[in-house]
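Residue numbers (the working numbering): 20 to 352.
Beta carbons are placed, not taken as given, at the ideal position from N, Cα and C, and that holds for glycine.
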Ligand code: SAH
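Set out below in structure tokens:
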């Protein structure tokens, strides 16, 4: 697929053609210009050549059918992964990648182990949402939510991610409400600062995973550059400006960060009515010796948070059998 040439390809056409083309792509979700019968045959041929709509992808459906992972081949041959999660309440959430690979090297994450290749263009992030929009159209459904929690660090591709957010939000395009879009960052402070001034209702999530610098630096090397205290300061400034809730993602890995000590430490730094903790059971990646926490440990951890009146939830685990769960995106065959 190549949307970047669309404007150029339609340059010599009357203005309304762009509107028609956008409608065909983003409202009717066509995957071949031949379906755009309101265009002349020659224009359709030209568009198919210069801005093909075909998405090269292979998909896997989880046993429970509630999640689908797709691996898209980009123009230059790089592979990225995205997942559709079909919630019981009717939400259809697409988790998109923002980079090919990731430079952050978090020890628990499969993407971090593949290294960083390049940033994604807005059209390449959009392509992931279009893929699932086309898929859902068959059953009369739509993508309702988008999370930037796939491969990559969204705030290291800030401008392209924001352009994408505006396209997702655009009534003429996807018309997905800002409140239904979430961006997760490992704590890139400049990104959080810029994001505070966007005037958007998009949700912010912080990958926390440890309540102190010592353990956090061990798990997430980026913590050495952006230490916890500075990240929390940036988050608090964000809250001051936006008065919006912030989600803190906390992986539960057996004996690493799931002890009573860490739960107590976590509770100490989460005492703010606009913070909430999202516990994620560690998903095995095959790259390390980490294990998910035991059921008993998870319960104890949650009991401590409850006792300390911390607002928290546990993330539903979608697509583990197809390696489509958090941290399992590696863009490999
Ligand atoms: N770079 C961004 C977004 C991508 S990761 C960030 O760090 O927030 C999306 C979420 O999945 C993050 O909270 C990440 O830490 C988490 N994650 C990574 N590896 C995981 C694993 N193996 N199991 C469960 N969650 C994981």
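Between the CA atoms of residue j and residue i - distance to the nearest angstrom
| i | j | result |
| --- | --- | --- |
| residue 329 | residue 242 | 24 Å |
| residue 302 | residue 335 | 12 Å |
| residue 122 | residue 267 | 21 Å |
| residue 21 | residue 308 | 40 Å |
| residue 142 | residue 23 | 7 Å |
| residue 274 | residue 216 | 39 Å |
| residue 70 | residue 27 | 10 Å |
| residue 223 | residue 153 | 27 Å |
| residue 149 | residue 53 | 18 Å |
| residue 283 | residue 199 | 31 Å |
| residue 276 | residue 254 | 22 Å |
| residue 19 | residue 178 | Shown here, the chain extends from 20 to 352; a query on residue 19 therefore has no answer. |
| residue 290 | residue 251 | 12 Å |
| residue 78 | residue 304 | 19 Å |
Residue-chain proximity (residue i, chain D), Cβ-Cβ < 7 Å
| i | result |
| --- | --- |
| residue 140 | Judged by its chain identifiers, the structure shown contains no chain D, having just a single protein chain. |
Distance CB(residue i)-CB(residue j) smaller than 7 Å
| i | j | result |
| --- | --- | --- |
| residue 306 | residue 270 | no |
| residue 166 | residue 110 | no |
| residue 233 | residue 205 | no |
| residue 343 | residue 88 | yes |
| residue 92 | residue 75 | yes |
| residue 180 | residue 197 | no |
| residue 104 | residue 120 | no |
| residue 114 | residue 159 | no |
| residue 238 | residue 45 | no |
| residue 31 | residue 117 | no |
| residue 249 | residue 208 | yes |
| residue 333 | residue 293 | no |
Under the three-state DSSP convention, the category residue i falls into
| i | result |
| --- | --- |
| residue 94 | coil |
| residue 314 | helix |
| residue 105 | strand |
| residue 64 | helix |
| residue 280 | helix |
| residue 166 | strand |
| residue 130 | helix |
| residue 192 | coil |
| residue 42 | helix |
| residue 172 | coil |
| residue 50 | coil |
| residue 147 | helix |
| residue 154 | helix |
| residue 111 | strand |
Residue i - partner residues in DSSP beta bridges
| i | result |
| --- | --- |
| residue 120 | 135 |
| residue 79 | 88 |
| residue 56 | Partner(s): none; residue 56 has no beta bridge. |
| residue 253 | The partner list for residue 253 (beta bridge, DSSP) is empty, contrary to what the question assumes. |
Proximity test, residue i beta-carbon vs the ligand SAM heavy atom, cut-off 6 Å
| i | result |
| --- | --- |
| residue 168 | Because the ligand SAM does not appear in the structure shown, any question about it cannot be addressed here, the ligands present being the ligand SAH. |
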